[in-house]
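Plus 98 on top of the position in the sequence shown (first one is 1) and you've got our numbering.
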Amino acid sequence: MWRRTQHAPPVEYARLTAAEFERAVGDPDWAYERVRELTEQEWDEELPWDRARRLETDKMWHALDFLLRRVGFPVDVVFGEEEIPGAEDWSYGPPRCLTPDQVRTAAAAFAATPPARLTEGVTPADLAAADIYPTVVWERGEPLDEVTAHYEALVPYFRAAARDGDGVLLWIS
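Structure follows, in C-alpha cells:
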C-alpha cells in the first residue's frame with residue numbers, strides 16, 4: 099500500500115475489454131505493455147471521458163479516497179479491490195484491478211452519488227485536519243472544485259467501462 103511521501107503521485111486507470119482484462123490478470127507483463135500502448139495511443143488526444151481508455155487523478159486521489167469512504171462507496175475505485183497476482187511494481191507498487199462486475203457496481207454507485215453529495219458538509223479545513231494530501235491546498239482554504247472535477251471525470255469513465263463490460267487496472271505512478 100502507498101505510504102505518504104512529500105510528493106504524492108497520481109492514481110492511473112486503464113480500461114481493458116473483458117478479454118484483455120482476463121489476459122492482463124493472468125499475464126502482468128502483457129498488461130504492462132498493453133497499458134503502455136493505450137498511453138501512447140491517447141497521449142496527445144483529449145478524448146471525452148466516456149471514450150478514454152486511460153485516466154488519472156493527479157494529486158486529488160487522496161481526497162477522493164477520503165470522500166468516497168465517507169459516503170460509503172461500495173467499491174475501492176482509488177486503490178482497487180485486489181492486486182494482480184505476480185505483477186511487478188509499476189511504480190509505487192503492483193497494479194490492482196476492478197473486475198467487470200466491480201466496475202458495474204462502481205458505475206451504479208457513481209450514478210447514485212452526485213458530486214454535491216460527495217462534498218456535502220466537508221470543508222477544506224476538514225481535509226487539512228484529516229491530513230489529506232495535498233494538505234497545503236486545504237490549509238489555504240482552497241475549494242474542493244478540483245476534487246469534484248476529478249470525480250466528475252470518473253463518473254462517465256466508469257459508466258462507459260460498465261456499458262462495455264470492461265475491467266479496470268489501476269496503480270499509483
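A virtual CB, placed ideally from N, CA and C, is assigned to each residue, including glycine.
| query | result |
| --- | --- |
| Nearest-angstrom Cβ-Cβ length linking T211 and V176, presumed shorter than 8 angstroms | Not quite, the Cβ-Cβ distance comes to about 14 angstroms (not below 8 angstroms), so this is no contact. |
| The segment 146–157 in contact with the segment 185–195 per 3-pair CB rule at 8 angstroms | no |
| Secondary structure, alpha helix (DSSP H): runs of 4+ residues fully inside the segment 120–159 | 126–140 |
| Stretch-stretch touch, CB-based, cutoff 8 angstroms, three pairs: the segment 217–227 with the segment 195–207 | no |
| L252 - containing alpha helix (DSSP H), residue span | D243 to D262 |
| Cβ-based neighbour list, Y255, same chain, cut-off 6 angstroms, excluding 5 preceding and 5 following | W147 and L153 |
| Inter-stretch contact at 8 angstroms, needing at least 3 Cβ pairs: the segment 117–125 / the segment 160–168 | no |
| For R238: DSSP bridge partner residues | DSSP output for R238 lists no bridge partner at all. |
| Euclidean distance between Cα positions of Q139 and V234 | 35 angstroms |
| Candidates L162, A223, D229 and E180: closest to V245 by CA position | L162 |
| Boundaries of the alpha helix (DSSP H) in which V201 is found, first to last residue | P198 to A209 |
| Which listed residue (E240, A226 and W269) has its alpha carbon closest to that of F164 | A226 |
| Cutoff 6 angstroms; reference A258; Cβ partners in own chain excluding five residues on either side | D148 |
| Residue span of the alpha helix (DSSP H) that contains A223, given as start and end | P222 to A227 |
| Residue environment, A223, which counts as buried when at least 16 other CB atoms sit within 10 Å | exposed |
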